[in-house]
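Participant: Heads up, the sequence shown is in numbering that gives the first Met the number 0, so the first residue is 0 and it goes up one at a time.
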Amino acid sequence: MPADARDHAVLVNPHADRTRGDLAARIAEIVSPEHVFVSDTNDAYDDLVARLLDRGYDTVFTAGGDGTVNRFINALPTASAPPRIGVLPLGAGNGLASVTSGGGATDPLTDLKNYIANPTTDTVRLSLCEAEGTRFAFAGLGLDAAALSDFRGLLGSVGKQGPLHRLLNGRGGYLTAVFAVTFPRRLFAKRVQVRAINLGAPAQVVRQSDNGASVIATIGTGETLYEGPANATALGTAPFFGHRFRLLPFAGLDPQRFHLRISAVAPTRLLASIKSVRRGTFTHPALHDFLADRVRLEYSEPVPYQLAGELMGDRQTLEIAVSPGAVDLVRFN
Numbered sequence: 000m001p002a003d004a005r006d007h008a009v010l011v012n013p014h015a016d017r018t019r020g021d022l023a024a025r026i027a028e029i030v031s032p033e034h035v036f037v038s039d040t041n042d043a044y045d046d047l048v049a050r051l052l053d054r055g056y057d058t059v060f061t062a063g064g065d066g067t068v069n070r071f072i073n074a075l076p077t078a079s080a081p082p083r084i085g086v087l088p089l090g091a092g093n094g095l096a097s098v099t100s101g102g103g104a105t106d107p108l109t110d111l112k113n114y115i116a117n118p119t120t121d122t123v124r125l126s127l128c129e130a131e132g133t134r135f136a137f138a139g140l141g142l143d144a145a146a147l148s149d150f151r152g153l154l155g156s157v158g159k160q161g162p163l164h165r166l167l168n169g170r171g172g173y174l175t176a177v178f179a180v181t182f183p184r185r186l187f188a189k190r191v192q193v194r195a196i197n198l199g200a201p202a203q204v205v206r207q208s209d210n211g212a213s214v215i216a217t218i219g220t221g222e223t224l225y226e227g228p229a230n231a232t233a234l235g236t237a238p239f240f241g242h243r244f245r246l247l248p249f250a251g252l253d254p255q256r257f258h259l260r261i262s263a264v265a266p267t268r269l270l271a272s273i274k275s276v277r278r279g280t281f282t283h284p285a286l287h288d289f290l291a292d293r294v295r296l297e298y299s300e301p302v303p304y305q306l307a308g309e310l311m312g313d314r315q316t317l318e319i320a321v322s323p324g325a326v327d328l329v330r331f332n
């Protein structure tokens, strides 16, 4: 029997990677159809979100990938208290679902059913970054964005349907793209240089320790955090990227700062250590970690850029800051 409570709604992205044609109908078996919103066109999206907010829902579930969640976050007015956000992971990577333990290994609608049957008030408060006017929880430049591009290219080469697409549309396909395309190409790529400048309050240099993280130095406003080679830059307030890769293990330790990680580690070493890289326990002298609230990145040449799992083209400079406000994500039991 569909739930009729007006304290929750579902916003569906029908174009998400793992969305099936009958998704909205399946959701309508759990939640009353009047509380299910389908974001089918770009032109009507803002009006759709405004209509959803006017109804005053306490919780809005986003059914899609990280880009779906991030798009909804950016449509929320910053001056008012936003609804809680439930993540129903239907994308290829689903990094934010890892933050809420919603997972992605099982049918995400199970989480929705469990919530409807026994609503939880348990949430994860997520601070956000901002760059070029867009808020987000994680982003990457260089190797990570190149891997995402290669993964998307691999999926595109096998079509949008069929057993091969289903086989590759997940962690296995992502790792296939990384091992077969991204890393081999990067072995012979020109070394890119980056300068990271602290534009905000004093930043912290951090290292892994028995207690999780230790601050080993402080870098003042206007000073250089790092200058040198970089094949990958990851940054954000959420520890997980797609496919449960914990690339930012210090994210969330300080809600007023984001984790900036700059890597000059050779791709061959990263490949050999892929398990510890995924767990967030990998350490190396060429891995540099900072907690900061505003940073400018200046590269020697344009590098690929991804934001919340969406390819954004190339950037040679980028300024990132902690965004005012935060969002509350539903933590599933």
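For each residue, glycine too, the CB sits at the ideal point set by N, CA and C.
Buried or exposed for residue 245, going by 16 or more other Cβ atoms inside 10 Å?
Facilitator: The residue you call residue 245 lines up with position 246 of the sequence shown. Counting Cβ neighbours within 10 Å, residue 245 comes out buried, since at least 16 surround it.
Participant: Buried or exposed for residue 131, going by 16 or more other Cβ atoms inside 10 Å?
Facilitator: The residue you call residue 131 lines up with position 132 of the sequence shown. The residue in question, residue 131, is exposed, as its Cβ has fewer than 16 Cβ neighbours within 10 Å.
Participant: Nearest to residue 256 by CA position, among 62, 197, 8 and 300, is which residue?
Facilitator: Taking the first residue of the sequence shown as position 1, residue 256 is located at position 257. Ranking 62, 197, 8 and 300 by Cα distance to residue 256 puts 197 first.
Participant: Who are the near neighbours of residue 302 in its chain, counting only those whose CB is closer than 7 Å to its CB and skipping five residues on each side?
Facilitator: Mapped onto the sequence shown, residue 302 falls at position 303. Closer than 7 Å at Cβ, skipping near neighbours: 140, 141, 191, 313 and 314.
Participant: DSSP on residue 177, reduced to helix/strand/coil?
Facilitator: The residue labelled residue 177 in the question sits at position 178 within the sequence shown. Note: residue 177 maps to helix in three-state DSSP.
Participant: For residue 215, name the three-state secondary structure that DSSP assigns.
Facilitator: Residue numbering aside, residue 215 sits at position 216 when the sequence shown is read from its first letter. DSSP places residue 215 in strand when its eight states are reduced to three.
Participant: So residue 56 and residue 82 are supposed to be a Cβ contact under 8 Å. How far apart are they, rounded?
Facilitator: Against the sequence shown, residue 56 aligns to sequence position 57. Against the sequence shown, residue 82 aligns to sequence position 83. With 8 Å as the limit, residue 56 and residue 82 qualify as a contact, their Cβ atoms being about 5 Å apart.
Participant: For a minimum of 3 consecutive residues, which ranges assigned as the beta strand (DSSP E) are wholly contained in the stretch 71 to 138?
Facilitator: The qualifying runs are 83 to 88, 122 to 130 and 133 to 135.
Participant: Specify whether the stretch 282 to 294 and the stretch 214 to 228 touch according to this definition: at least 3 beta carbon pairs, one from each stretch, less than 8 Å apart.
Facilitator: The stretch 282 to 294 vs the stretch 214 to 228: in contact.
Participant: Have a look at 251, 247 and 310 and flag the residue whose alpha-carbon is nearest the alpha-carbon of residue 281.
Facilitator: The residue you call residue 281 lines up with position 282 of the sequence shown. That would be 247, whose Cα lies nearest to the Cα of residue 281.
Participant: Have a look at 33, 107, 13 and 219 and flag the residue whose alpha-carbon is nearest the alpha-carbon of residue 294.
Facilitator: As a working mapping, residue 294 is identified with position 295 in the sequence shown. If we check each option's Cα against that of residue 294, 219 comes out closest.
Participant: Just how far apart, CA to CA, sit residue 194 and residue 285?
Facilitator: Position 195 of the sequence shown, counted from the first residue, corresponds to residue 194. Position 286 of the sequence shown, counted from the first residue, corresponds to residue 285. Those two C-alpha atoms are separated by around 15 Å.
Participant: Any idea if residue 104 is buried or exposed, counting beta-carbon neighbours within 10 angstroms, 16 or more meaning buried?
Facilitator: Along the sequence shown, read from residue 1 onward, the residue named residue 104 stands at position 105. Since pLDDT at residue 104 reaches only 46, below the 50 mark, its modelled position is unreliable, and no value is offered.
Participant: Report buried or exposed for residue 251, applying the criterion of at least 16 other Cβ atoms within 10 angstroms of its Cβ.
Facilitator: On the sequence shown, position 252 is the one that residue 251 refers to. By the neighbour-count rule (16 or more Cβ atoms within 10 Å), residue 251 is buried.
Participant: Taking 7 Å as the limit between beta carbons, can you name the residues of its chain near residue 86, skipping five residues before and five after?
Facilitator: On the sequence shown, residue 86 is found 87 positions in, with the first residue counted as 1. Cβ neighbours of residue 86 beyond the five flanking positions: 61, 68, 95, 96, 99, 101 and 328.
Participant: Beta carbon of residue 123, beta carbon of residue 277: below 7 Å?
Facilitator: Position 124 of the sequence shown holds residue 123. Position 278 of the sequence shown holds residue 277. Contact flag unset, no.
Participant: Buried or exposed: which applies to residue 209, given that a residue is buried once 16 or more other Cβ atoms fall within 10 Å of its Cβ?
Facilitator: By one-based count along the sequence shown, residue 209 stands at place 210. Exposed is the call here.
Participant: Taking its Cβ as the centre, do 16 or more other Cβ atoms sit within 10 Å of residue 211, making it buried, or is it exposed?
Facilitator: As a working note, residue 211 is residue 212 in the sequence shown. It counts as exposed.
Participant: Could you tell me how far apart the beta carbons of residue 126 and residue 254 are, in whole angstroms, since I believe they sit closer than 8 Å?
Facilitator: On the sequence shown, position 127 is the one that residue 126 refers to. On the sequence shown, position 255 is the one that residue 254 refers to. The Cβ separation is near 5 Å, so the contact holds.
Participant: Suppose only complete runs of 4+ residues qualify. What are the alpha helix (DSSP H) ranges in the stretch 2 to 66, listed by chain order?
Facilitator: Whole alpha helix (DSSP H) segments, 4+ residues: 22 to 27 and 44 to 53.
Participant: Going along the chain, which residues of its own chain have a beta-carbon closer than 6 Å to the beta-carbon of residue 34, five neighbours each way excluded?
Facilitator: Here residue 34 is taken as the residue at index 35 of the sequence shown, counted from 1. Result list for residue 34: 8, in chain order.
Participant: Should residue 36 and residue 22 be called a contact, given that it needs their Cβ atoms to be closer than 7 Å?
Facilitator: As a working mapping, residue 36 is identified with position 37 in the sequence shown. As a working mapping, residue 22 is identified with position 23 in the sequence shown. Not a contact, by the Cβ cut-off of 7 Å.
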